[in-house]
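Data first, discussion second: the structure below is written as structure tokens.
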Amino acid sequence: MATEMTYISREKDSRAGWVVVFSAFIGMMLSVGVLVIYTYGVLATAMASDLGWDVVDRNMIFVSYSLGSALFGPLWGVAADRIGARRIIIFSTVMLSICFVAIAAVPRDPVVAGVAFLAVGILAGGTLPPAFASIVVGWFDRFRGLALGATMLGVGVGAAVFPILAAQITEHFGWRITALSFAGMVFAVALPIAIVFLRPFSEPMAAPANGRAAGSRFDWSAFRTPRTWLMLAFAFFTGAVLVSCVANFVPLLMARNLSLTDAATYQSLLGAAILVGRLAGGAAFDRIFAPRVMATILLITAGGLLTLQFGSSSFAFAVAALGIGLSIGAEVDFLGFMISKYFDRSVFTTMFSLMFASYSLGATGGPIVFAALASRTGNYDLALTMCWSSIAVLMIAILFLPRYNSAQRAV
1 MATEMTYISR
11 EKDSRAGWVV
21 VFSAFIGMML
31 SVGVLVIYTY
41 GVLATAMASD
51 LGWDVVDRNM
61 IFVSYSLGSA
71 LFGPLWGVAA
81 DRIGARRIII
91 FSTVMLSICF
101 VAIAAVPRDP
111 VVAGVAFLAV
121 GILAGGTLPP
131 AFASIVVGWF
141 DRFRGLALGA
151 TMLGVGVGAA
161 VFPILAAQIT
171 EHFGWRITAL
181 SFAGMVFAVA
191 LPIAIVFLRP
201 FSEPMAAPAN
211 GRAAGSRFDW
221 SAFRTPRTWL
231 MLAFAFFTGA
241 VLVSCVANFV
251 PLLMARNLSL
261 TDAATYQSLL
271 GAAILVGRLA
281 GGAAFDRIFA
291 PRVMATILLI
301 TAGGLLTLQF
311 GSSSFAFAVA
321 ALGIGLSIGA
331 EVDFLGFMIS
341 KYFDRSVFTT
351 MFSLMFASYS
361 LGATGGPIVF
371 AALASRTGNY
381 DLALTMCWSS
391 IAVLMIAILF
401 LPRYNSAQRA
411 V
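First residue of the sequence shown? That's 1 in UniProt numbering, and the numbers climb one at a time after it.
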């Protein structure tokens, strides 16, 4: 089997690695996770208004994307470990561009739109964090956490920029032009950068005697270790809790008699905290045992949510925003970092994709449960209690993860 092109003479933690980080940053900024998830509110609202859909139609279309992404994401991980993450990223980037062209052409029927977004979830899953992280971790040892944080920063920057850009394009030219614009940006920017600069480190895998490429068969013995199940549970419940908090933060603050403008100000603070969590958390993972760092961040988050439940001051709102943002900024970096320490590089993308699928499933169901609890009780107290108590349990649980140097690799 042919191998991917690599930088043969480079060393780890070198400048060449940071070029790869920058290209991965751009890839993440123009990934399906940004262009669909963070702009869906703008794009789908305009589509619903133009095509006559109701709220149920709009939400079910997003569910179709989420299911496609969660179910097929692990398959992209397996493919990346078998034939190379770079090839998967390039193929999925092309597919993402084509899918946006298809979205621009959807008719009035919401079923057709649902199929189009399902196709996005299935075909563009190779542009999600696991594939990019797989390439980045190969370039770094001492600065691996920081490099992962800088890569994932692309999601934060994209989440800040593209909803505004989508709103401006949609307002002036319509949602179909917005979809075509996204297709063009992916094809003209993300694809060339991936082809030219996104190269894996030249770290040869051991080849078995039968000639099969390393990583061509996944050893499911990984699932006989408690740490794998603990990390899967961590991914699911942090996705459920933190995404619920983000999705409902503005409505919650408005229920405390804040105006939309004031609530949006605290949401912006939350967004800034996500960026800090990405970089500061990643850098800390390189220097301190990562579960201790993540547990400390979760402690801040639990404290912020507890303060928010029993307080209605600007201090309570700010602490909650900072806590939620720091955790949601650090959690995916934490998963990628821990997987790189516990598992062999030949299965990194598969394991990260499984973790990310678990996270995505939690993120899909969590906001629904959160909103249902708030609707049933008439306030957010029970939902907040469940959130901060769940985070407290997760904080304690991850402290039981073993040290990297004492943990045998499962595969």
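Note that beta-carbon positions come from the ideal geometry of N, C-alpha and C, so glycine has one too.
For L382, the CB contacts under 6 angstroms within the same chain, skipping 5 residues up- and downstream, are L373 in chain order. Where P200 is concerned, there is no enclosing alpha helix (DSSP H), because DSSP gives it neither an H nor an E. In the DSSP annotation of this structure, the continuous segment of the alpha helix (DSSP H) that includes N248 starts and ends at 226-255.
In summary, I274 is buried, with 16 or more beta-carbon neighbours lying within 10 Å of its beta-carbon over all protein chains present.
Pairing A357 with V241, the inter-Cα distance amounts to about 15 angstroms. In the pairwise beta carbon analysis, the region 41-60 is classified as not touching the region 87-101: fewer than three pairs are separated by under 8 angstroms. Rounded to the nearest angstrom, the gap between the Cα atoms of G84 and A179 is 29 angstroms.
Note that the C-beta distance between F132 and I61 is not below 8 angstroms. Less than 8 angstroms divides the Cβ of F348 from the Cβ of V137. If you look at W18, you'll find it in the alpha helix (DSSP H) that goes 15-29. Residue ranges of uninterrupted alpha helix (DSSP H) with 4 or more members, entirely inside the region 120-176 and ordered along the chain, are 129-138, 144-173. If the five residues before and after F187 are omitted, its C-beta is found closer than 7 angstroms to the C-beta atoms of S97, all from its own chain and listed in chain order. If you draw a straight line from the Cα of T261 to the Cα of D141, it comes to about 44 angstroms. Relative to A160, the option among F334, A113, Q267 whose CA is nearest is Q267. Judged by DSSP in its simplified three-state form, W53 adopts coil rather than helix or strand. Minimum Cα-Cα distance from L361 among the listed residues S134, A167, A233 corresponds to A233. By the Cβ rule, the region 11-29 counts as touching the region 149-167, because three or more pairs are nearer than 8 angstroms. Between S244 and P163, the CB-CB gap reaches or exceeds 8 angstroms.
Apart from the 5 residues on each side of it in sequence, G239 sits with its Cβ closer than 6 angstroms to the Cβ of Y359, G362, A363 in its chain, given in chain order. A residue is called buried when at least 16 other Cβ atoms come within 10 angstroms of its Cβ; S49 does not meet this threshold and is exposed. A distance below 8 angstroms separates the beta carbons of C99 and V120. Ranking L128, P110, A46, F72 by CA distance to the CA of V56 puts P110 first. For L306, the CB contacts under 6 angstroms within the same chain, skipping 5 residues up- and downstream, are W388 in chain order. Take L354, set aside five residues on each side of it, and the residues of its chain with a beta-carbon closer than 6 angstroms to its own are P74, in chain order. Between the alpha carbons of F237 and F334 lies a distance of about 14 angstroms.
Here T265 carries a helix assignment [DSSP, helix/strand/coil].
At the C-beta level, L253 and I324 stay beyond 8 angstroms of one another. For F352, the enclosing alpha helix (DSSP H) begins and ends at 348-377. Comparing alpha carbon positions, the residue from W139, A70, G27, G33 closest to R15 is W139.
Nearest C-alpha to D54 among A104, A284, R108: R108. In this structure, the alpha-carbon of I122 lies about 42 angstroms from that of F315. CA-to-CA, the gap between M294 and E331 works out to about 7 angstroms.
In the DSSP annotation of this structure, S312 is not part of any alpha helix (DSSP H), being labelled neither H nor E. Counting other Cβ atoms within 10 Å of its Cβ, F400 stays below 16 and is therefore classed as exposed. Here T377 is exposed: its Cβ has fewer than 16 other Cβ atoms, across all protein chains shown, within 10 Å.
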